[in-house]
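In what follows, a structure is listed as structure tokens, so that the remarks can point back to it.
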Amino acid sequence: MNRILFHEMEAYFRGKYPELSLDPYSRAFCSQEGTELAHTFAQSYADYGQYLCLRARIYYEHVTTLLKSNSYDAVISLGTGFSLLTFYLSEYHSNIRFIDADDAILMKTRKNRMVPVQKLFGPQTLQVEQKIFDLEKVAKAKGEIQNFFPYKNPLFLMEGLSLFLNKKNLSWLFQSLQDYAKFTFIYDCFSQGSPALQKVRELMNQLSTAKNNDLFFAEGFDGNQIEAMEGKSLKIKEHSFLDLEKKYLQDSSFFQDRIDSFQIHFRVILKN
3 MNRILFHEME AYFRGKYPEL SLDPYSRAFC SQEGTELAHT FAQSYADYGQ YLCLRARIYY
63 EHVTTLLKSN SYDAVISLGT GFSLLTFYLS EYHSNIRFID ADDAILMKTR KNRMVPVQKL
123 FGPQTLQVEQ KIFDLEKVAK AKGEIQNFFP YKNPLFLMEG LSLFLNKKNL SWLFQSLQDY
183 AKFTFIYDCF SQGSPALQKV RELMNQLSTA KNNDLFFAEG FDGNQIEAME GKSLKIKEHS
243 FLDLEKKYLQ DSSFFQDRID SFQIHFRVIL KN
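Quick look at the structure:
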């Protein structure tokens with residue numbers, strides 16, 4: 003099991019429930035193997051696909067609201083995987099730079115599969131930059147994120163990436179972000195001991211072998227760890243999954259009996 007297959011699975015689910023995810027095109031990234039993985043996940047963990055769609059919807063809605071301020075010069079999707087969020091957004095914001103960033107292997111695969119997907123969008127999306135940025139390697143080398151993304155007021159997105167990052171890498175990221183005079187950062191992470199996170203880990207271990215398993219899953223983070231990493235000088239706005247679920251799901255009872263099992267944080271950090 004590797005990150006490419008995992009992201010294919012995520013893309014499959016976003017495309018399967020477009021009325022929730024607002025993303026009808028991501029399924030074009032999926033191979034047969036990725037589709038089969040999604041089916042296996044759905045059989046063992048029926049709610050996970052809808053959760054991924056809701057997560058995508060939350061990011062789209064929040065970013066759309068933030069962009070109305072018209073003060074950002076760049077939107078950067080870190081660990082973008084096969085997300086098309088920047089493409090959907092760029093169709094309506096021609097004055098902002100949009101960048102998808104991930105490691106070299108993922109970005110090469112993304113580029114090769116992007117040709118048929120690109121045709122589904124308007125010409126404005128041709129300006130979305132595809133950039134190689136391996137967060138783990140840069141963090142290990144103690145690099146500066148500002149050298150890779152030299153913008154005055156960037157909006158960073160990290161949809162789902164915290165699932166694959168350890169505390170050390172996340173701490174580096176938060177510290178490096180504070181070099182900007184202005185920035186906004188939106189991310190999500192599972193709580194420590196989240197039943198949903200444990201279920202995902204168990205399923206991935208069952209589907210993986212020692213030879214092809216290159217996935218690292220974080221253990222989740224408690225509130226004190228998150229606050230310590232982010233820095234107390236920043237303005238933090240946290241949204242509970244339950245509140246967002248009520249806002250975006252037409253069937254408000256969908257997660258009603260299972261909402262506590264996710265234990266997810268959606269956090270918006272601003273420095274201005």
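Residues in the sequence shown are numbered from 3 upward in steps of one, following my numbering. Glycine residues also receive a C-beta, built at the ideal position from the N, C-alpha and C atoms. Remember, it's a predicted structure, so these values are computed and weren't measured experimentally.
Do residue j and residue i count as a contact pair if the criterion is CB distance below 7 Å?
| i | j | result |
| --- | --- | --- |
| Asp104 | Thr82 | yes |
| Glu138 | Ile101 | no |
| Ile271 | Phe151 | no |
| Gln265 | Ser196 | yes |
| Tyr182 | Ala76 | no |
| Phe176 | Glu232 | yes |
| Tyr50 | Arg29 | no |
| Arg16 | Cys55 | yes |
| Phe89 | Thr37 | no |
| Pro178 | Ile134 | Note on residue identity: the sequence assigns Ser, not Pro, to residue 178. Result no, Cβ atoms of Ser178 and Ile134 do not sit closer than 7 Å. |
Could you tell me the distance, in whole angstroms, from the CA atom of residue i to the CA atom of residue j?
| i | j | result |
| --- | --- | --- |
| Ile60 | Phe43 | 22 Å |
| Glu10 | Pro26 | 14 Å |
| Ser193 | Glu63 | 23 Å |
| Glu204 | Ser73 | 43 Å |
| Met206 | Lys237 | 35 Å |
| Arg115 | His95 | 24 Å |
| Pro20 | Lys121 | 18 Å |
| Ser173 | Asp190 | 15 Å |
| His325 | Leu108 | Nothing in the structure corresponds to residue 325, since the chain is present only between 3 and 274. |
| Glu12 | Ala58 | 10 Å |
| Gln52 | Val117 | 27 Å |
| Glu35 | Ile6 | 10 Å |
| Leu22 | Asp136 | 30 Å |
| Lys70 | Leu80 | 21 Å |
Determine the burial state of residue i: buried for a count of at least 16 other Cβ atoms within 10 Å of its Cβ, exposed for fewer.
| i | result |
| --- | --- |
| Lys213 | Low per-residue confidence applies at Lys213: pLDDT is 40, beneath 50, and the placement is therefore not dependable enough to give any value. |
| Leu159 | buried |
| Gly124 | exposed |
| Lys18 | buried |
| Asn171 | buried |
| Thr67 | exposed |
So residue i packs on residue j, CB below 8 Å; how close in whole Å?
| i | j | result |
| --- | --- | --- |
| Lys273 | Phe185 | 5 Å |
| Val65 | Leu91 | 6 Å |
| Val119 | Phe8 | The pair is not a contact, with the Cβ atoms about 18 Å apart (cut-off 8 Å). |
| Tyr47 | Lys144 | Not a contact, Cβ separation roughly 37 Å. |
Segment contact, 8 Å Cβ cut-off, at least three pairs: the region 148-167 with the region 74-92: yes
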